[in-house]
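Working notes, structure below.
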Amino acid sequence: MKKTEVFNLKAGEWKPHPTSPGVFVNPVLSGEEGLGFKTMYAKIVPDGEILVHTHDVTEVFYFINGTGSVLVNGERKECGEGTVVVAPAEVEHGVKNNTEKDIYLLANFES
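Numbering (the numbering used here), first residue to last: -2 to 108.
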């Protein structure tokens, strides 16, 4: 990609996450653009959860809206709008929505 691009997060299509109940994803950048990262827009409905997992690359995710319980260094921490979480490669992390409102995250991964 050699030009500035503009993406409307609300224009994409939500698809159920294959392994995390109550989680829906909307791919923004696939990683094939040659930028060195890929980006996903994620929605976690009430009682939904991104199950505890690891990646072989670093993930940085940003809470756009909502509040969730995030596994950070083996402990649960409440994180909300404006919070940025950095999960290094091979470090366990996950997000649980214990509220009555949807959580919206923007997640970036090295590619």
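Where is the CB? At the ideal position from N, CA and C, for every residue including glycine.
Bridge-paired residues (DSSP) for residue i
i	result
A39	V22, L102
T64	G77
E72	V69
8 Å contact criterion, which residue i and residue j should meet: CB distance rounded
i	j	result
N105	T36	5 Å
I61	L103	6 Å
Counted within 10 angstroms of its Cβ, other Cβ atoms place residue i as buried (16 or more) or exposed
i	result
G65	buried
E29	exposed
F58	buried
CB contact below 7 Å: residue i versus chain B
i	result
T55	Included in the structure is just one protein chain, with no chain B present.
_Inside the stretch 82 to 108 only - beta strand (DSSP E) runs reaching at least 3 residues_ = Those beta strand (DSSP E) runs which fall completely within the stretch 82 to 108 and span 3+ residues are 90 to 93, 100 to 107.
*asked:* If contact is defined by three or more beta carbon pairs under 8 Å, each pair taking one atom from either stretch, is the stretch 67 to 83 in contact with the stretch 24 to 34?
replied: They do not touch, by the three-pair rule.
*Determine contact between the stretch 79 to 89 and the stretch 32 to 45, defined as no fewer than three beta-carbon pairs at a distance below 8 Å.*
They do not touch, by the three-pair rule.
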